[in-house]
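Visitor:
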Amino acid sequence: MVTSEHLVTLLSIVPKYSQKDWLSSYESLDTFVVPRSSKKLYEDNEYALYTVTLFAKVVDNFKVHAREKGFQIRDFEYSPEAQESRKQELEKLLQDQEVMRTSLLQWCYASYSEVFSSWMHFSAVRVFVESILRYGLPARFLSVVLAPSTKSEKKVRNILEGLCGNANSTGDPKTTWAWLLAWEARQSPTLTSPSP
């Protein structure tokens with residue numbers, strides 16, 4: 636960035652597809668443009684940001700000619716104090732972000748076990764209510780969660796369905812499992828929880 640009594644640096648917003656046009660024509664937009672002074676600062680999906688240095692007395696004329704070609708020109712004044720202030724503000728925001736992130740992670744770690752425990756209780760209540768209301772089981776039954784390995788899943792299903800016998804004539808797997816649980820509870824009146 637050049638800033639002096641006679642020279643100024645302007646910023647030009649150039650459409651991405653017009654970059655070659657900008658580089659080939661910016662020197663001829665006015666006679667007092669510093670040759671080869673345009674540098675690309677930034678580029679995104681639609682636009683590129685270029686600098687251009689020229690004499691202060693032709694700034695207005697340069698802006699008019701640039702606008703005619705579809706380039707947007709912006710004034711830029713470099714201030715070391717403002718730059719330092721922005722840098723300090725950015726550092727403070729980054730520190731605040733880290734403090735909030737740490738606080739959020741601590742809260743998440745502390746709350747996870749509570750939420751999981753509540754979810755398990757809710758699931759148990761749901762199994763109880765659905766077993767009675769949907770399948771018409773007596774209020775005395777045993778809920779069991781089975782997690783067989785992938786290899787033995789089919790075998791375990793066949794064994795449990797065999798234990799159920801003809802208690803279920805509908806063939807609906809949900810009803811089969813509900814009747815199976817009822818049958819297990821009737822067969823083992825002293826059983827109140829799954830064995831380890």
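First residue of the sequence shown? That's 636 in our numbering, and the numbers climb one at a time after it. A virtual CB, placed ideally from N, CA and C, is assigned to each residue, including glycine. This structure is a prediction, so every number in the text was calculated from the model and none was measured.
For my contact list, residue 701 and residue 653 are in at a C-beta cut-off of 8 Å; report their separation, rounded to the angstrom.
Guide: Going by Cβ atoms, the distance from residue 701 to residue 653 rounds to 11 Å, so no, they are not a contact pair.
Visitor: If you reduce the DSSP assignment to three classes, tell me which class residue 640 lands in.
Guide: If DSSP states are grouped into helix, strand and coil, residue 640 belongs with coil.
Visitor: How big is the Cα-Cα spacing for residue 753 and residue 797?
Guide: C-alpha separation (whole angstroms): 34 Å.
Visitor: Pull up the distance between the alpha-carbon of residue 730 and that of residue 642, whole angstroms please.
Guide: Whole-angstrom Cα-Cα distance: 39 Å.
Visitor: Taking the DSSP output, what are the residues bridged to residue 739?
Guide: BP columns for residue 739 are empty, so no partner.
Visitor: Would DSSP call residue 833 helix, strand or coil?
Guide: For the chain, the structure presents residues 636 to 831; residue 833 sits outside this window and is missing.
Visitor: Cα-Cα, which of 704, 763 and 735 is closest to residue 779?
Guide: The option with the nearest alpha carbon to residue 779 is 763.
Visitor: Taking the beta carbon of residue 649 as the centre, do at least 16 other beta carbons fall within 10 Å, making it buried, or is it exposed?
Guide: The residue in question, residue 649, is buried, as its Cβ has 16 or more Cβ neighbours within 10 Å.
Visitor: CA-CA distance, residue 724 and residue 732?
Guide: Straight-line Cα distance between these residues: approximately 12 Å.
Visitor: Given this structure, state the Cα-to-Cα distance separating residue 669 from residue 744, to the nearest angstrom.
Guide: Rounded to the nearest angstrom, the two C-alpha atoms are 60 Å apart.
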